[in-house]
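Line by line, the protein sequences are chains P and V. Going by the working numbering, the letters in the first sequence line up with residues 880 to 1182, in that order. Going by the working numbering, the letters in the second sequence line up with residues 1077 to 1334, in that order. Positions of the beta carbon are idealized from the N, C-alpha and C atoms, including for glycine.
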Amino acid sequence: MADLNVNIGKLKLKNPVMTASGTFGYGEEFSDFMDLSRLGGFIVKGTTLHKREGNPYPRMAETPSGMLNAVGLQNKGVDYFIHEIYPRIKDTGTNIIVNVSGSSIDDYVQAAGLINELDKIPAIELNISCPNVKQGGMAFGVSAKGASEVVKAVRAVYGKTLIVKLSPNVTDITEIAQAAEDAGADSVSLINTLLGMAIDAETRRPLLSTITGGLSGAAVKPIALRMVWQVANKIKIPVIGLGGIMNWKDAVEFILAGATAVQIGTANFIDPAVTLKVIDGINAYLDRHNFSSVSDIRGALIL
Amino acid sequence: MKKFILDLTVTSNALIHENYALLKLTHHDPLPDMLPGQFAEIRIDGSPATFLRRPISIHNVDREANEVWFLVQVAGEGTRHLAQKKAGETLNAVLPLGNTFTMPAPLSGQVLLAGGGVGVAPLLYLGRHLKENGFVPTFLLGARSRKDLLQLAEFERYGKVHATTEDGSFGEKGYVTQHSLLKENSFSRIYACGPKPMMASVARYAQQHDTECEVSLENKMACGIGACLCCVENTTEGHLCVCKDGPVFNIKKLLWQI
């Protein structure tokens, strides 16, 4: 049994496997299939200061080896999370991280400030990369200046581990990652979904109500892996890799590219218990290659 | 209800129509409890075009044979894959998912189960459940033509079956809501599943006759367990997940123009 412990800022994970925001609900949806306490952590659904109904149906289209979504941050707001959901999930026995989104800096700051008060939430993931909301979201994540402003503002009110989730829909993701690090982020997670589109040739209509949406799933893995490698080589804070991880081997590849931890997203829809297989698979890989710790393979890509 | 991820074994798979397969699956342990209206998310392996699981309604549960039945409409690559599975092969299913139909009050009169196309699938198990609970379900099944009416003999085991066909080749000619049964009878509760225009038409009838009515929706979904929020329906309570809050909804909760 290899040592699977990793640290992200002040956050200690028993293993490097987390779940991605928006793919794991509030964890409860998966409790029939797995012991949630085995996870390194899970990241709850994107939470905004105020309730959001999200985009109209249809919000999802299956694509080759992947899917597009345009959910648009449907959630009941931070107060609902604090009063209704948090009491139910806080003693799950793993790190619960809240993904925070907003349409103005003030929204982010207020929501982060409220979540800062919750004892059992050791970190937030700042979503500056949602492609499915018109105002804000990705707007902050596509320029170094925008990223810097929102991260600085949240850093001022949030004392625990601050992870910034980056958009791949940019010319140079390393610039945004650098800006997040310089503004005080403890970690960056990447990638959020890639902006994509699907059309039904027969009806001549788009398959999503919003026309465009975010692509995820196995199809995006090579892009995600490349971006994680580039970012890990540029910045000093830990990188959390995600994007198309379907099994333990994909997860190991992200760690070899420089990720300290990984998130499993769309794969949860295909196998709701996939995360446990990924944890066990990483461990077996480390044993087989005689590594005593998962840290030994971080960035250990042979060039 | 506890949900399971199970590797189920195909006991039989018959093409009962050019576009429909009747797929029967078993498990080495007793199958979990399943209620009418619930569905399974079945994994399709081996093709990049079928990345996600396919949600398929539970058509029947045969406890003696320890079998769960699915009526699969071949609509694309995923369902074609399901229709081609052979006895002895394995399919991975997550089940049971979703809510169930509301049972009628005892002694509350006739209940109508109206189905069209592949929408008849959940009504067989619902009819069976109703019969086992002392009700006498009336089925009203609609199809384009005689050959498109599926599983009639099975439905007849649990209740009286009426049919409409668009070409008049069986039962009354027309759509289900044009059937004389609806003019001559009153029902205490109606359940409907089928194409949306058909369900809307049944809902209109129910509304006009002040009858409780539930419909089963089949919005496009990904996770099947209320995690991704892709399959939402607009309701009086905002966007609800068809996979978790449904698939069965009372028509009063829906914002349909009916």
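On the DSSP bridge assignment, give the partners of residue i in chain order.
| i | result |
| --- | --- |
| E1288/V | R1265/V |
| S1221/V | Answer is none; S1221/V lacks a bridge partner. |
| T1102/V | T1085/V and E1143/V |
| K1044/P | N1006/P and S1068/P |
| L1094/P | L947/P and L1073/P |
| R1204/V | Answer is none; R1204/V lacks a bridge partner. |
| G1191/V | L1217/V and C1269/V |
| A1125/V | Paired residues: none, contrary to the question. |
| R1084/P | D1079/P |
| A1140/P | I1119/P |
| D1138/V | E1143/V |
Taking only beta-carbon atoms, is residue i less than 8 Å away from chain V?
| i | result |
| --- | --- |
| E941/P | yes |
| Y987/P | no |
| F960/P | no |
| A1077/P | no |
| E963/P | no |
| M897/P | no |
| E932/P | yes |
| R1084/P | no |
| P1101/P | no |
| T902/P | yes |
| N1011/P | no |
| E908/P | yes |
| R917/P | no |
| S1149/P | Here the sequence assigns Ile to residue 1149/P, which means Ser is not the residue at that position. So yes, I1149/P belongs to the interface. |
| S944/P | yes |
If I measure Cβ to Cβ from residue i and keep anything under 8 Å in the same chain, skipping five residues before and after, which residues do I get?
| i | result |
| --- | --- |
| R1220/V | T1241, E1242 and D1243 |
| L1063/P | According to the sequence as given, residue 1063/P is Gly; it is not Leu. The residues are V1030, K1031, R1034 and L1041. |
| G956/P | T926, T927, L928, H929, K930 and R931 |
| D958/P | L993 |
Given a cut-off of 8 Å on the beta-carbon distance, is the pair residue i and residue j in contact?
| i | j | result |
| --- | --- | --- |
| G1191/V | L1217/V | yes |
| G1144/P | L947/P | no |
| P1124/V | P943/P | yes |
| A881/P | V1067/P | no |
| G945/P | G1122/P | no |
| L1073/P | L1086/P | no |
| G1195/V | P1271/V | yes |
| Y905/P | I964/P | yes |
| F1215/V | L1189/V | yes |
| N1089/V | A1163/V | yes |
| H1135/V | L1147/V | yes |
| L890/P | N884/P | no |
| E1117/V | L1173/V | yes |
Closer than 8 Å, CB to CB, is residue i near chain P or not?
| i | result |
| --- | --- |
| V1170/V | yes |
| R1156/V | no |
| I1301/V | yes |
| N1175/V | no |
| K1296/V | yes |
| A1151/V | no |
| I1081/V | yes |
| F1127/V | yes |
| G1122/V | no |
| L1107/V | no |
| V1148/V | no |
| G1322/V | no |
| L1305/V | yes |
| V1252/V | no |
| R1103/V | What sits at residue 1103/V in the sequence shown is His, not Arg. No, H1103/V lies away from the interface with chain P (no Cβ there is under 8 Å from its Cβ). |
| V1291/V | no |
| H1285/V | no |
Less than 7 Å between C-beta atoms, sequence neighbours within five positions excluded: which residues of the same chain meet that for residue i?
| i | result |
| --- | --- |
| F1246/V | R1222, L1225 and A1239 |
| N1095/V | Q1149 and V1150 |
| D1065/P | I887, G888, T1040, L1041, I1042 and I1116 |
| I1052/P | L1045, L1069, M1106, Q1109 and V1110 |
| S1171/P | A881 and D882 |
Cutting at 6 Å between CB atoms, please list the residues of its own chain near residue i, excluding the five before and the five after it.
| i | result |
| --- | --- |
| S1008/P | M1017, G1020, K1044, L1045, S1046 and N1071 |
| F1177/V | P1112, G1113, L1202, Y1267, E1290 and V1324 |
| P1108/V | F1080 |
| M1274/V | G1192 |
| E1294/V | none |
| G951/P | G933, N934, N1011 and V1012 |
| A949/P | N934, R938, N1011, L1087, T1089 and G1092 |
| F960/P | T926 |
Could you list which residues in chain C have their beta carbon closer than 8 Å to that of residue i, in chain order?
| i | result |
| --- | --- |
| E1309/V | The structure shown contains no chain C; its protein chains are P and V. |
Inter-stretch contact at 8 Å, needing at least 3 Cβ pairs: the region 918-926 of chain P / the region 976-983 of chain P:
yes
Are the region 982-990 of chain P and the region 1126-1136 of chain P touching by the rule of at least three beta carbon pairs closer than 8 Å?
no
Given 8 Å as the limit, is there contact between the region 1124-1133 of chain P and the region 1149-1168 of chain P, that is, 3 or more CB pairs closer than that?
Inter-segment contact for the region 1124-1133 of chain P and the region 1149-1168 of chain P is present: three or more beta-carbon pairs are separated by less than 8 Å.
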